[in-house]
Amino acid sequence: MTKKVHPDRLSQIALQEAEFAAHTRNSFFDSAYGDILVDFFVEWLKTEPHESKSREHLYACSMALGSVKEKLISIETRGRNIPVMETLGEEHNND
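In the working numbering, the protein residues as written are 35 to 129.
Here's what the structure looks like:
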């Protein structure tokens, strides 16, 4: 027979899992992000001053990587705020 778990306990477990996932993602992505940016910079240093197309491409790639990080952070922030928004929505509907 399946044992029922109290909703508060399920909430605690979900919060712990979310915190663990966010920490793991932050640790991994920040490390990889830094390594990739260093690689782009090293490649940029290898170019000659007149190779503007190559330098612009490396710059654009670096900016695109920054956009990916920004998007991941916005998704995570929105995900963390959904329970609060739902609570506020319920309170607003009860008024």
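Glycine is no exception: its CB is placed at the ideal position from the N, C-alpha and C atoms.
ask   = DSSP state of His91, grouped into three classes?
value = helix
ask   = Of all the options Tyr93, Leu106, Ser65, which has the alpha carbon lying nearest to the alpha carbon of Phe75?
value = Tyr93
task = Consult DSSP for Glu104 and reduce its assignment to one of helix, strand or coil.
result = helix
message = When you compare the CB positions of Leu106 and Leu71, do they come within less than 8 Å of one another, or not?
response = no
query = With DSSP run on the structure shown, which of helix, strand or coil describes Pro83?
reply = coil
ask   = Per DSSP, what kind of secondary structure is Leu39 in: helix, strand or coil?
value = First, the amino acid is wrong: residue 39 is Val here, not Leu. Looking at Val39 - three-state DSSP - the assignment turns out to be coil, as it is neither helix nor strand.
key: Reference Thr111, options Lys37, Ala56, Arg43, closest by Cα   = Ala56
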